[in-house]
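Presented below is the structure to which this report refers.
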Ligand SMILES: [Zn+2]
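Laid out in structure tokens, this is it:
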């Protein structure tokens, strides 16, 4: 429960990644309003890890002393796996610890009566007991079909992550593992 939670700032290209990180419980600011300088100064003043796919920004931020991850991967699952791989965390969903994907605020559990008052559809109220409301925007969440899709997404992330860990063992410490894991590329590199 008390383990350290990373805090992130995602650049303008990583809005969907930011939403996933919030669902996974990580405080993540996402904005397309800040200049590169402002991104860097916000990370420094709020101890946030900068996430960017922009190499220039990556090198600039790193030189300024900001912990920065150059986010690789095409799909969202690959991007989340890449971030988790770099920091060594295991992506998991715990609805009590999730942050609102829309506004990055904390959520709290509410009972069925409050869910009814908040406008949750009758059909949902008939079968569902567990609801959470966002402190920030007031959106109500429950475990429905979207939750099962999230679980499937996480399974995909886990298998990509496993691939990254096993390929990183095959590389020297100077090389990054890649995502081309399905390609059975066993070129005979430096076996001597
Ligand atoms: Zn919210």
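Residue numbers (the working numbering): 2 to 193. We treat Cβ as the ideally placed atom computed from N, Cα and C, and that holds for glycine.
Item, Value
"Between which residues of its own chain and residue 6 is the CB-CB distance below 8 angstroms, once the five residues before and five after are set aside?", "26, 27, 28"
"For ligand 1, any of its heavy atoms closer than 8 angstroms to the Cβ of residue 67?", "no"
"Does residue 19 have its Cβ less than 9 angstroms from a Cβ in chain D?", "The question asks about chain D, but that chain is absent: this structure has only one protein chain."
"Determine, using beta carbons only, whether residue 113 and residue 96 come nearer to each other than 9 angstroms.", "no"
"Assign residue 60 to buried or exposed, taking buried as 16 or more other Cβ atoms, counted over all protein chains shown, within 10 Å of its Cβ.", "exposed"
"Rounded to a whole number of angstroms, what is the C-alpha to C-alpha distance between residue 72 and residue 162?", "14 angstroms"
"Who sits around ligand 1, taking every residue whose Cβ is closer than 6 angstroms to one of its heavy atoms?", "101, 103, 104, 106, 135, 137, 138, 140"
"Rounding to the nearest angstrom, what Cα-Cα distance links residue 212 and residue 23 in this structure?", "Outside the displayed range of the chain (2 to 193) lies residue 212, so it cannot be described from this structure."
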